[in-house]
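The working numbering applies: residue 39 is where the sequence shown begins, and numbers increase by one.
Positions of the beta carbon are idealized from the N, C-alpha and C atoms, including for glycine.
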Amino acid sequence: MKRRDFINTISFAGISSGLILSSCETTNDSTSEENLENDLQIVTDGAIFEASGVATYAAAANSGLLVDQAVIDTAVLFMSQHQQHLDELNALLQFNNLPTFSADSADPVAGTENVTNQQDIILLAMEVEFEAANFYFRGLTQTLSNSIIRKTFANILPVEMAHAVTYKNVLGQSPAINSGLFEEFSINS
Numbered sequence: 039m040k041r042r043d044f045i046n047t048i049s050f051a052g053i054s055s056g057l058i059l060s061s062c063e064t065t066n067d068s069t070s071e072e073n074l075e076n077d078l079q080i081v082t083d084g085a086i087f088e089a090s091g092v093a094t095y096a097a098a099a100n101s102g103l104l105v106d107q108a109v110i111d112t113a114v115l116f117m118s119q120h121q122q123h124l125d126e127l128n129a130l131l132q133f134n135n136l137p138t139f140s141a142d143s144a145d146p147v148a149g150t151e152n153v154t155n156q157q158d159i160i161l162l163a164m165e166v167e168f169e170a171a172n173f174y175f176r177g178l179t180q181t182l183s184n185s186i187i188r189k190t191f192a193n194i195l196p197v198e199m200a201h202a203v204t205y206k207n208v209l210g211q212s213p214a215i216n217s218g219l220f221e222e223f224s225i226n227s
């Protein structure tokens, strides 16, 4: 059944189609200055995290520890996607006349200096990707009020989770992909 047919059917059952349509938009698009400032601080945190992610991938790529071509190709792809995320977040910051961030001046995430082989890099990358996905998930579900910022986070979230799931698969682990994703996804097993 198409959505329009469903809404028409429901309206005959006495349920207002306006109520149904309003429930489809979950954003709380408050325009208060305080909410926008909070949202932009979260965007800033995301940009810093993405810049660090790009720097981490660059450090891994330059370490000489990645030996499998498929892992190298995946890491390069994921690094480019993190750069895209950084560009999107920087665009939001620039639009609001706030400082932007660059991977060139960012430090890799803590723990990067401790990797000694490809497996260590994959484990670290999986952890970072899951933390990123969780960051965007929390922003969408708990803190953000601006619809443009929420939509940006909604576009980035599935990419981050796909990265984490990909690394889990590379390690031969079975990821929990279900309604309890963030409660049941473990980076340790």
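- In the pairwise beta carbon analysis, the segment 127-134 is classified as not touching the segment 170-179: fewer than three pairs are separated by under 8 Å.
- Looking only at D158, S212, M164, P146, the smallest Cα-Cα distance to V92 is reached by P146.
- Nearest C-alpha to P196 among F175, T94, N207, K206: F175.
- Every candidate beta strand (DSSP E) stretch fails here, since none sits fully inside the segment 157-218 while reaching 3 residues.
- Of the other Cβ atoms in all chains shown, 16 or more fall within 10 Å of the Cβ of L127; this residue is therefore buried.
- Remark: C-beta atoms of F139 and A89 approach each other more closely than 7 Å.
- Taken atom to atom, the span from the alpha-carbon of L78 to that of T150 is near 28 Å.
- One thing to note: L124 has its Cβ no nearer than 7 Å to the Cβ of A96.
- If you draw a straight line from the Cα of T190 to the Cα of F116, it is about 18 Å long.
- With a cut-off of 8 Å on Cβ pairs, the segment 152-166 is in contact with the segment 99-106, counting three or more such pairs.
- Between the C-alpha atoms of Q107 and Q119 there is a straight-line separation of about 18 Å.
- Under the three-state reduction of DSSP output, F139 falls in the coil class, being neither helix nor strand.
- With a 10 Å radius around the Cβ and a threshold of 16 neighbouring Cβ atoms, G210 comes out exposed.
- Of the candidates F87, I110, A202, F87 places its Cα closest to the Cα of D142.
- Pairing N152 with V166, the inter-Cα distance amounts to about 14 Å.
- Spanning the alpha carbons of I110 and Q122 requires a straight line of approximately 19 Å.
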